[in-house]
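Below is one structure, written out as structure tokens; the observations come after it.
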Amino acid sequence: MIEDTALAGLMHFEGRELPFRAGDTVASALLVAGIDFSRTTPLSGAARAPYCLMGICYECLVNINGADNQRACQVQAEHGMVVSRQTGARADAMMTVPFIATRSTL
């Protein structure tokens with residue numbers, strides 16, 4: 007059986023139009039297009055790219071249509087969507103400091 011390989015649409019990535027096929031995730035479309043990283047780390051600025059492709063590692067975080075912290079491997083590519091690299095810490099990471107219960111606080 008031959009799979010249908012027709013293009014399903016185009017998404018926008020930092021000034022480029024990237025084609026994708028039906029069923030592609032944002033991460034797979036980025037990888038096929040040769041995009042070598044999708045985010046940078048908050049401390050060192052090191053480039054990170056999709057790794058596990060199943061939503062566990064969070065290495066593929068991108069901004070999609072203005073929303074940060076989107077796991078590119080879990081979002082289906084859609085025609086016209088606007089995607090950009092996520093730089094540094096999550097937008098909501100610096101807003102609160104979580105309370106971590108320790109033995110001395112219990």
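Just so we're aligned, residue 7 is where the sequence shown starts under this note's numbering, counting upward by one.
For every residue, glycine included, the Cβ atom is placed at its ideal position computed from N, Cα and C.
All values derive from a computational prediction rather than experimental measurement.
Close Cβ partners of residue i (< 8 Å) along its chain, the five nearest in sequence each way excluded
i, result
"L13", "P25, F26, R27"
"S44", "A33, L36, R54, A55, P56, E65, C66, L67, V68, A78, R91, Q92"
"D42", "A53, A55"
Integer Cβ distance of residue i from residue j, believed to fall under 8 Å
i, j, result
"G94", "T46", "6 Å"
"H85", "G21", "Between G21 and H85 the Cβ distance is about 17 Å, and since that is not below 8 Å, they are no contact."
C-beta contact flag for residue i and residue j at 7 Å
i, j, result
"F19", "V89", "yes"
"M87", "N71", "yes"
"M17", "A83", "yes"
Residue burial classification, residue i (beta-carbon count within 10 angstroms, cutoff 16)
i, result
"I62", "exposed"
"M7", "In this predicted model, M7 has a pLDDT of only 49, less than 50, meaning its place in the structure is not dependable; the value taken from the coordinates is given anyway. Its Cβ having fewer than 16 others within 10 Å, M7 is exposed."
Three-state secondary structure (DSSP) of residue i
i, result
"V88", "strand"
"V103", "Because the pLDDT of V103 is 48, which lies under 50, any placement of that residue in the model is unreliable, and the number read from its coordinates should be weighed accordingly. V103 falls in the coil class under three-state DSSP."
"L49", "coil"
"R59", "Sequence inspection shows Leu at residue 59; the Arg mentioned does not correspond to that position. Coil at L59, not helix or strand."
"V32", "helix"
"A78", "helix"
Same chain, Cβ closer than 7 Å to residue i, neighbours up to 5 away in sequence not counted
i, result
"A39", "L24"
"L59", "A33, C79"
"P48", "G94, A95"
"T11", "R27"
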